[in-house]
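Worksheet: one structure, shown below.
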Amino acid sequence: MEIVSLQFAAFVLLSLLIYYLLPGRWQNRFLLLASYYFYITWSWKYALALLLVTLFNYAFAFLVERERERKTGLVWIGVALNAGGLIGLLFADELTQTLRIWLENAFRGEFELNILLPVGFGYYIMECISYLLDIQMKIAKPSRNLETFALYLAYFPKLISGPIERARKFLPLLESERILDNQLFSRSLMLILVGLVQNTILAGLLSVLVPSNTLTRPQDFSATDQILGLLTFGFFLYNQFAGYTKIVRGISGLFGIPLSKNFNYPFFSKDFSDFWKRWHISLSEWLRDYIYMRLSRAFLRRNPSRKNLPNLFLPPLATMLASGLWHGARLHLILWGLLNGVFIIIENVINLFRKAVPSARPPWWRSLLNQGIVITLALGAAIPFQLSIPQSKAFLAYLSLNPWELPDFRPLGVMAASLLLDWFAYRHDDEFVFLRLRRGLQAALAALAMLGIFIVYNLQNAPTTFIYP
Amino acid sequence: MGASTLFLLLGLLLEGIFRMPWVQSRLPFQAYGINHIQFEYQLMRLQDFTRRYGAPDCFILGTSQSLRGIDPEILNPALQSSSGEKLTCYNFSIVGVNMSTNLLFAEILVQEYHPRLFIIGTSFLDYTTSRENRYDPRFEESAWVKYKLGHLNLQGWLIEHSYAYRAVLYLSYAAPAFMDFSEVHNEERKWGFQLSEYGYGYSDHAIDLDEPLTEAFINNFLEQFGDFGLSTWNLDSLNAIAELAAENGITLVLVEMPYTSTLVELRGEDGTAHAYSQTLQDFIARANARLEEIARQYHLPFWKAPSHLAYPPDAWHDLYHLNVHGSPLFTRWLAEQLDEALQSGAIELKQANKEK
Numbered sequence: 001m002e003i004v005s006l007q008f009a010a011f012v013l014l015s016l017l018i019y020y021l022l023p024g025r026w027q028n029r030f031l032l033l034a035s036y037y038f039y040i041t042w043s044w045k046y047a048l049a050l051l052l053v054t055l056f057n058y059a060f061a062f063l064v065e066r067e068r069e070r071k072t073g074l075v076w077i078g079v080a081l082n083a084g085g086l087i088g089l090l091f092a093d094e095l096t097q098t099l100r101i102w103l104e105n106a107f108r109g110e111f112e113l114n115i116l117l118p119v120g121f122g123y124y125i126m127e128c129i130s131y132l133l134d135i136q137m138k139i140a141k142p143s144r145n146l147e148t149f150a151l152y153l154a155y156f157p158k159l160i161s162g163p164i165e166r167a168r169k170f171l172p173l174l175e176s177e178r179i180l181d182n183q184l185f186s187r188s189l190m191l192i193l194v195g196l197v198q199n200t201i202l203a204g205l206l207s208v209l210v211p212s213n214t215l216t217r218p219q220d221f222s223a224t225d226q227i228l229g230l231l232t233f234g235f236f237l238y239n240q241f242a243g244y245t246k247i248v249r250g251i252s253g254l255f256g257i258p259l260s261k262n263f264n265y266p267f268f269s270k271d272f273s274d275f276w277k278r279w280h281i282s283l284s285e286w287l288r289d290y291i292y293m294r295l296s297r298a299f300l301r302r303n304p305s306r307k308n309l310p311n312l313f314l315p316p317l318a319t320m321l322a323s324g325l326w327h328g329a330r331l332h333l334i335l336w337g338l339l340n341g342v343f344i345i346i347e348n349v350i351n352l353f354r355k356a357v358p359s360a361r362p363p364w365w366r367s368l369l370n371q372g373i374v375i376t377l378a379l380g381a382a383i384p385f386q387l388s389i390p391q392s393k394a395f396l397a398y399l400s401l402n403p404w405e406l407p408d409f410r411p412l413g414v415m416a417a418s419l420l421l422d423w424f425a426y427r428h429d430d431e432f433v434f435l436r437l438r439r440g441l442q443a444a445l446a447a448l449a450m451l452g453i454f455i456v457y458n459l460q461n462a463p464t465t466f467i468y469p
Numbered sequence: 001m002g003a004s005t006l007f008l009l010l011g012l013l014l015e016g017i018f019r020m021p022w023v024q025s026r027l028p029f030q031a032y033g034i035n036h037i038q039f040e041y042q043l044m045r046l047q048d049f050t051r052r053y054g055a056p057d058c059f060i061l062g063t064s065q066s067l068r069g070i071d072p073e074i075l076n077p078a079l080q081s082s083s084g085e086k087l088t089c090y091n092f093s094i095v096g097v098n099m100s101t102n103l104l105f106a107e108i109l110v111q112e113y114h115p116r117l118f119i120i121g122t123s124f125l126d127y128t129t130s131r132e133n134r135y136d137p138r139f140e141e142s143a144w145v146k147y148k149l150g151h152l153n154l155q156g157w158l159i160e161h162s163y164a165y166r167a168v169l170y171l172s173y174a175a176p177a178f179m180d181f182s183e184v185h186n187e188e189r190k191w192g193f194q195l196s197e198y199g200y201g202y203s204d205h206a207i208d209l210d211e212p213l214t215e216a217f218i219n220n221f222l223e224q225f226g227d228f229g230l231s232t233w234n235l236d237s238l239n240a241i242a243e244l245a246a247e248n249g250i251t252l253v254l255v256e257m258p259y260t261s262t263l264v265e266l267r268g269e270d271g272t273a274h275a276y277s278q279t280l281q282d283f284i285a286r287a288n289a290r291l292e293e294i295a296r297q298y299h300l301p302f303w304k305a306p307s308h309l310a311y312p313p314d315a316w317h318d319l320y321h322l323n324v325h326g327s328p329l330f331t332r333w334l335a336e337q338l339d340e341a342l343q344s345g346a347i348e349l350k351q352a353n354k355e356k
């Protein structure tokens with residue numbers, strides 16, 4: 001069951017109805033059942049994998065708690081098993097794909113080779129690792145309630161694509177009484193609507209207006225189309241993912257369980273480090289807390305200087321390489337991680353020569369220039385994120401060979417609308433700024449948004465032209 | 001709540017706008033969510049026709065062969081003079097569809113128009129295995145078709161009743177072409193015909209029949225036959241149409257649509273008939289035998305395409321489609337067959353529906 005679908009909407013409405021009819025002590029149980037049902041609609045094997053991961057980490061957490069005083073390093077066995085499972089499945093998935101292609105080429109036939117990599121696996125494995133590490137660091141305690149712990153991992157609004165929640169924050173939420181007041185209700189509805197505008201209208205229009213092969217078949221396009229394709233990819237990815245997160249946050253809010261923010265207007269970042277504080281925040285923060293900070297602390301313990309070179313280089317590099325690997329066990333994703341790590345290192349080095357306390361507010365042109373640089377670099381790095389290394393090379397080679405022509409301006413209009421939507425909230429530093437508008441204007445904007453969603457949904461689901469035999 | 005009310009009001013406002021004749025005249029066709037533009041034009045023409053002349057009481061069903069081969073503007077006057085009563089035919093043949101899809105159309109037309117006569121223009125080309133393999137299920141899966149056949153659904157209801165929703169669907173047809181509407185309208189140019197107000201697809205393009213067939217054409221054509229087995233699915237669908245007609249007291253006539261001898265001989269560039277020509281002729285004989293069997297079973301006339309008609313040299317759009325010079329001849333012959341059958345009592349038409 002896809003999140004942005006009518007079936008999912010019906011599932012949520014029905015779940016909400018039952019949820020609020022049930023007494024409080026039954027609500028978690030029902031959410032757990034609903035979450036597993038939701039996951040089974042993807043595959044029962046996924047649900048089985050989740051159940052096994054849940055039981056293992058639930059039990060292992062008690063061992064970690066018991067052994068932590070002795071510092072036996074038991075926690076690392078748990079971390080290694082979780083991380084090893086994820087990395088193993090990522091590599092196995094990649095290897096089977098390569099093997100399948102090789103077999104198909106060698107024997108000129110079709111081969112069915114699939115490794116079970118459950119949807120959302122990477123997200124709940126990260127939650128399990130942070131859970132064990134937090135217990136080892138004594139900032140969390142093992143959950144005594146298997147039902148609550150199982151719901152923490154399986155909770156359907158965040159199961160497929162996050163946000164990655166920390167157990168120490170999320171478990172108490174699940175154990176507390178749900179209060180859906182007017183503010184949470186209106187905020188949740190607003191999040192769903194804005195999320196749909198981003199996910200359906202903005203990302204949808206970009207997918208309808210720009211050919212999807214501008215990146216993969218650069219030989220068929222002009223250099224301007226290639227750049228437009230790259231820009232489109234960046235804005236599409238952002239609006240689709242940020243919109244998706246807003247939708248699931250809104251849905252979760254309706255159940256009285258707020259989820260973490262995952263995007264914070266990344267196209268208005270002042271530098272690259274700032275970009276990663278605003279893009280896929282729950283993953284970035286996880287990597288920061290459990291890789292960057294741990295490494296950095298280890299280096300600074302030995303040499304607390306600001307100019308500690310290993311500390312300048314290694315933590316960002318390791319963090320971004322881990323991020324690349326998390327996205328998939330492929331060389332081009334590792335390259336993407338490496339590039340992002342290098343950008344942060346360069347920034348760290350430049351910052352060494354800057355004043356520790358920056359001037360209060362940079363001039364507008366400088367902010368704009370910085371934002372332009374960040375977007376350009378992020379999009380440049382997105383080439384190996386989306387394309388394999390040979391494809392990336394071809395893309396760059398054709399960029400210098402292809403002619404420069406006047407581009408289609410319509411996608412640029414959609415991107416401007418995306419920036420304007422973000423700018424409105426960014427300027428007021430309030431993602432719920434639309435709720436501050438007059439009621440009539442709010443209603444008019446919401447009605448227009450609903451109409452737009454309805455139209456673009458139909459555009460996206462348009463039938464292709466009938467081929468006459 | 002306010003937003004939902006405004007959304008509904010906005011929807012109603014758009015509905016009002018799209019119902020205005022000025023706006024309607026600017027939309028080339030009504031979109032029914034299938035993206036078979038000829039079908040959608042055909043529906044629009046049928047509605048225009050009904051507004052102008054009343055509901056047709058006879059429909060011609062089939063594919064491109066009957067679409068291009070039977071002109072109701074010639075058939076209707078001839079039928080009226082012979083039967084002595086007004087009989088209005090409309091050509092509802094749709095390019096590239098299977099007999100199973102024609103069954104769906106027949107069911108919708110029966111419910112909507114209560115016709116007295118169905119004429120099915122068919123030929124061996126409708127019963128090749130490739131016709132089955134190239135089946136596009138979108139008619140069967142269409143929300144509108146389901147709605148028309150009595151399966152209530154919101155999208156089908158919207159398509160049937162909302163002009164604004166049909167405009168949204170029209171907009172969506174440009175989506176696969178990155179919202180380039182010229183691509184949508186290019187489709188019409190690819191047909192190589194225009195639709196008359198009677199639904200007849202006319203073109204004056206003519207081929208030179210003396211031209212030998214290219215190897216590529218022959219290979220492509222033979223590919224359609226697979227192992228030269230008959231498509232039982234399409235034959236079963238024809239059976240079902242016959243049953244539907246019988247249940248509703250509708251007279252059904254099967255008529256074989258003509259094709260050139262060049263096609264059957266598969267005369268190649270060296271001037272000789274292709275080795276598969278005999279196999280093809282056997283296939284045609286088997287297909288016609290099955291059609292005769294169905295006709296006998298349901299007591300229907302099955303008229304084979306006449307070989308004696310002296311088509312002018314410029315009568316053919318291609319090897320199996322007549323053009324504007326060839327179709328009048330064939331249509332007049334069909335009118336004569338119908339006339340004879342009616343006069344002799346071989347076929348009888350049910351009483352005209354007075355309510356229409």
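Residue numbers (the working numbering), protein chains in the order written: chain V, 1 to 469; chain A, 1 to 356. C-beta atoms are modelled at their ideal positions from N, C-alpha and C, and glycine is treated no differently. None of these values were measured; they are calculated from a predicted model.
Residue i by DSSP, collapsed to three states: which one?
i: TYR265(V); result: coil
i: VAL75(V); result: helix
i: LEU406(V); result: coil
i: PHE228(A); result: coil
i: PHE302(A); result: strand
i: GLN47(A); result: helix
i: HIS321(A); result: strand
For residue i, collect the residues of the same chain with a Cβ closer than 7 Å to its Cβ; drop the 5 residues on either side in sequence, then sort them by chain order.
i: PHE29(A); result: ILE37, GLU40, TYR41, MET44
i: SER273(V); result: ILE344, GLU347
i: SER162(A); result: GLU15
i: ILE18(V); result: PHE30
i: LEU63(V); result: LEU74
i: PHE471(V); result: Because chain V in this structure spans residues 1 to 469, residue 471(V) falls outside the shown range and cannot be described.
Leaving aside the five residues before and after residue i along the sequence, list all residues of the same chain whose C-beta is less than 6 Å from its C-beta, in chain order.
i: GLU269(A); result: PRO212
i: LEU333(V); result: GLY324, HIS327
Using a Cβ-Cβ cutoff of less than 8 Å, which residues in the same chain neighbour residue i once the five nearest sequence positions on both sides are dropped?
i: TYR90(A); result: LEU46, PHE49, PRO56, CYS58, PHE59, ILE60, PRO72, TYR198, GLY199
i: GLN460(V); result: THR200, GLY204, SER207, VAL208
i: GLU243(A); result: TYR298
i: GLY69(A); result: GLY121, MET257, PRO258, HIS321, LEU322, GLY326, SER327, PHE330, THR331
Along the alpha helix (DSSP H) that carries residue i, what are the first and last residues, could you check?
i: ASP403(A); result: Absent from the model: residue 403(A). The displayed extent of chain A is 1 to 356, so no value can be given.
i: TYR298(A); result: 277-298
i: GLY96(A); result: First-last for GLY96(A): undefined, no H or E at that position.
i: PHE185(V); result: 182-196
i: ALA310(A); result: Here ALA310(A) belongs to no alpha helix (DSSP H), and DSSP marks it neither H nor E.
i: TYR215(A); result: It is worth fixing the name first, because residue 215(A) is Glu in this sequence and not Tyr. 215-223 is the extent of the alpha helix (DSSP H) around GLU215(A).
i: VAL433(V); result: Run containing VAL433(V): none; DSSP gives neither H nor E here.
i: GLU160(A); result: 154-161
Going along chain A in order, which residues have a C-beta closer than 7 Å to the C-beta of residue i?
i: ASN239(V); result: Correct list: empty, because the minimum Cβ distance to chain A is about 17 Å.
i: MET126(V); result: What MET126(V) touches in chain A: nothing, since even the nearest Cβ is about 37 Å away.
Taking the continuous beta strand (DSSP E) assigned at residue i, which residues delimit it?
i: LEU254(A); result: 251-256
i: ILE60(A); result: 58-62
i: PHE139(A); result: Per DSSP, PHE139(A) belongs to no beta strand (DSSP E); it is in the alpha helix (DSSP H), 138-141.
i: ILE119(A); result: 117-122
Residues of chain V with CB under 9 Å from residue i, in chain order?
i: MET229(A); result: The sequence shown places Gly at residue 229(A), rather than the Met named in the question. Correct list: empty, because the minimum Cβ distance to chain V is about 17 Å.
For residue i, return the contacting residues in chain V, with the cut-off set at a CB-CB distance below 8 Å.
i: PHE7(A); result: ALA446, ALA447, MET450, LEU451
Which residues of chain V have a Cβ atom closer than 7 Å to the Cβ of residue i, listed in chain order?
i: LEU152(A); result: Per Cβ cutoff of 7 Å: no residues; LEU152(A) is ~16 Å from chain V at best.
Taking a cut of 7 Å between CB atoms, which residues from the region 415-440 of chain V lie near chain A? Answer set for the region 415-440 of chain V: ARG439.
According to a CB-to-CB cut-off of less than 7 Å, which residues of the region 53-86 of chain V neighbour chain A? Within the region 53-86 of chain V, no residue has its Cβ closer than 7 Å to any Cβ of chain A.
For the region 168-196 of chain A, enumerate the residues whose C-beta is nearer than 7 Å to any C-beta of chain V, in chain order. Within the region 168-196 of chain A, the residues whose Cβ lies closer than 7 Å to some Cβ of chain V are VAL168, LEU169, LEU171, SER172, TYR173, ALA175, PRO176, PHE178, MET179, GLU187, listed in chain order.
Check each residue of the region 444-463 of chain V: if its Cβ is closer than 9 Å to any Cβ of chain A, include it; give the result in chain order. Look at the region 444-463 of chain V: the residues with a C-beta under 9 Å from a C-beta of chain A are ALA444, LEU445, ALA446, ALA447, LEU448, ALA449, MET450, LEU451, PHE454, ILE455, ASN458, LEU459, GLN460, ASN461, ALA462, PRO463.
When you check each C-beta in the region 19-44 of chain A against every C-beta of chain V, which residues fall closer than 9 Å? Contact residues of the region 19-44 of chain A toward chain V are GLY33, ILE34, ASN35, HIS36, ILE37, GLN38, PHE39 (C-beta to C-beta distance below 9 Å).
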